[in-house]
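J.:
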Amino acid sequence: MPSSTCKSLYITFTKTASPVEPNSVPTNSYRGTGDAPKLPNTLKDIYLMGDASDFQTLVVGNTRHGPSELPYGPAAYALPIPAANTNIHFLLTRGPTTSPLLWFQDTLPAGCRLIIEPGSADPFINVVLPLNGGDILIGAPVSPALGFSHLLASMTRICDIQRHPKVLASEAYLKAVMRLKETTVFPGHVNGISLSGAHPVTFEANSDLVDPAANSAGAGYVIAAKRTLALYSSHAPLPAIASYMEPGGTSKIIAVKKEPELPITSLKRDKK
Numbered sequence: 005m006p007s008s009t010c011k012s013l014y015i016t017f018t019k020t021a022s023p024v025e026p027n028s029v030p031t032n033s034y035r036g037t038g039d040a041p042k043l044p045n046t047l048k049d050i051y052l053m054g055d056a057s058d059f060q061t062l063v064v065g066n067t068r069h070g071p072s073e074l075p076y077g078p079a080a081y082a083l084p085i086p087a088a089n090t091n092i093h094f095l096l097t098r099g100p101t102t103s104p105l106l107w108f109q110d111t112l113p114a115g116c117r118l119i120i121e122p123g124s125a126d127p128f129i130n131v132v133l134p135l136n137g138g139d140i141l142i143g144a145p146v147s148p149a150l151g152f153s154h155l156l157a158s159m160t161r162i163c164d165i166q167r168h169p170k171v172l173a174s175e176a177y178l179k180a181v182m183r184l185k186e187t188t189v190f191p192g193h194v195n196g197i198s199l200s201g202a203h204p205v206t207f208e209a210n211s212d213l214v215d216p217a218a219n220s221a222g223a224g225y226v227i228a229a230k231r232t233l234a235l236y237s238s239h240a241p242l243p244a245i246a247s248y249m250e251p252g253g254t255s256k257i258i259a260v261k262k263e264p265e266l267p268i269t270s271l272k273r274d275k276k
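Numbering (this note's numbering), first residue to last: 5 to 276.
1) In the DSSP assignment, find the unbroken alpha helix (DSSP H) run with S220 in it and report its ends.
2) I'd like the span of the beta strand (DSSP E) that includes L141, first residue to last.
3) Mark Y177 as exposed unless 16 or more other C-beta atoms lie within 10 angstroms of its C-beta, in which case mark it buried.
4) With respect to the alpha helix (DSSP H) encompassing S153, which residues constitute its N-terminal and C-terminal limits?
5) Of the residues V146, V171, S174, F190, which one's Cα is nearest the Cα of M159?
6) At what residues does the alpha helix (DSSP H) containing K179 begin and finish?
7) Rounded to the nearest angstrom, what separates P216 and R183 at their Cα positions?
8) Quick one: give me the first and last residue of the beta strand (DSSP E) that I1 is part of.
9) How should P251 be labelled, buried or exposed, when 16 other C-beta atoms within 10 angstroms of its C-beta is the threshold for buried?
10) Could you work out which residue in R167, I245, F59, P169 is closest to I227 when comparing CA atoms only?
11) Count the other C-beta atoms from every protein chain shown that fall within 10 angstroms of the C-beta of C163, then say buried if there are 16 or more, exposed otherwise.
12) Is V260 near L235, with beta carbons less than 8 Å apart?
13) Excluding five sequence neighbours on each side, which residues of the same chain lie with their C-beta closer than 8 Å to the C-beta of T97?
14) Which residue's Cα is closest to the Cα of A82: M249, P204, F17?
15) Going by C-alpha to C-alpha distance, which of A144, P148, I92 sits closest to S103?
16) Is it buried or exposed for Y248, if we count other Cβ within 10 angstroms and need 16 for buried?
17) Using the three-state DSSP reduction, which class does I15 fall into: helix, strand or coil?
18) So, are the CB atoms of K19 and A87 less than 8 Å apart?
19) Out of S211, V194, S174, point me to the one whose CA is closest to A240's CA.
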């Protein structure tokens, strides 16, 4: 366990049997049947770096049946469990080629933030998203294996999604693209992200997009009652938008042909 003075933990993946160092050291020695220990809450940031393409070969045999049952064997190679409200940064040179099933030894606690750093390979965020609520900051293109709608529907609390603060709006259409794979419903705020994929999208909270791809906008945006969707253009004219709003309703779309250099929002919350 890191000491209470440790603020950041850096974990670098190395491809199995590489000349550098084989992945032969367990990341956690816990073998009990009680609740798995968590990293201290003084540890605020965990950085996952390197080549994770072979990580699934270490955890694929993890067949635990509940949060308090961790078997012998492959579970030893899963990552230790962070405390609530931990920032988990992905800065991978290569993402996993198939789902690693379980990145961590147990479900992530509430309030964790998944931060895909600019330049990172696409992680399988399906298997690391904190189901008890959290945030996703996207600085590199991501495309969940099962799609965002499936991902967000499994959560017990709202998850907000926003552009990484290091990514300027003028670069958002290249570096912060969310690739949709199916009709998608966003129950939380979506801020400063570019969408691509010809699938209808529903926004249930106030949101804003930068340079949505033509196929995304053309597929149609559904805006919930009393909610606003702002669309910003930073490099080209906005594409044709097929919007779906009830006649006489209270939802609205605002189109702005202007480049916002600062993050559009900072995870603003709707007033109840």
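Built from N, CA and C at the ideal position, the CB exists for glycine as well.
This one's a predicted model, so the numbers in the text were calculated from it and none came from an experiment.
T.: The structure says:
1) Start at 1 with the first residue of the sequence shown, and residue 220 comes out as number 216. Looking at the DSSP string, the run of the alpha helix (DSSP H) that includes S220 is 218-223.
2) Taking the sequence shown and counting its residues from 1, the one referred to as residue 141 is at position 137. Start and end: 138-142.
3) If you number the sequence shown from 1, residue 177 lands on position 173. Buried is the call here.
4) Here residue 153 refers to the residue found at position 149 of the sequence shown. Residues 152-157.
5) The residue you call residue 159 lines up with position 155 of the sequence shown. Considering only alpha carbons, the answer is F190.
6) As a first step, residue 179 is located in the sequence shown; it is residue number 175 there, counting from the start. Counting along the chain, the alpha helix (DSSP H) containing K179 begins and ends at 176-179.
7) Position 212 of the sequence shown, counting from 1, holds the residue named residue 216. Position 179 of the sequence shown, counting from 1, holds the residue named residue 183. Using only the alpha carbons, I get a separation of about 11 Å.
8) Absent from the model: residue 1. The displayed extent of the chain is 5 to 276, so no value can be given.
9) The residue labelled residue 251 in the question sits at position 247 within the sequence shown. Exposed, since its Cβ has fewer than 16 Cβ neighbours within 10 Å.
10) One-based indexing of the sequence shown puts residue 227 at position 223. With distances taken between Cα atoms, I227 lies closest to I245.
11) Translated into positions along the sequence shown, residue 163 becomes position 159. By the Cβ-count criterion, C163 is buried, with 16 or more other Cβ atoms from all chains shown falling within 10 Å of its own Cβ.
12) On the sequence shown, position 256 is the one that residue 260 refers to. On the sequence shown, position 231 is the one that residue 235 refers to. A contact, by the Cβ cut-off of 8 Å.
13) Working through the sequence shown from its first residue, we reach residue 97 at position 93. Cβ within range, chain order: M53, G54, D55, A125.
14) Stepping through the sequence shown from its first residue, residue 82 is reached at position 78. Of M249, P204, F17, the residue nearest in Cα terms is F17.
15) Counting from 1 along the sequence shown, the entry for residue 103 is found at position 99. Nearest of A144, P148, I92 to S103, Cα basis: P148.
16) Working through the sequence shown from its first residue, we reach residue 248 at position 244. Flag for Y248 reads exposed.
17) Numbered from 1 along the sequence shown, position 11 holds the residue referred to as residue 15. Under the three-state reduction of DSSP output, I15 falls in the strand class.
18) Along the sequence shown, one-based indexing puts residue 19 at 15. Along the sequence shown, one-based indexing puts residue 87 at 83. Contact: no.
19) As a working note, residue 240 is residue 236 in the sequence shown. Comparing Cα positions, the closest option is S174.
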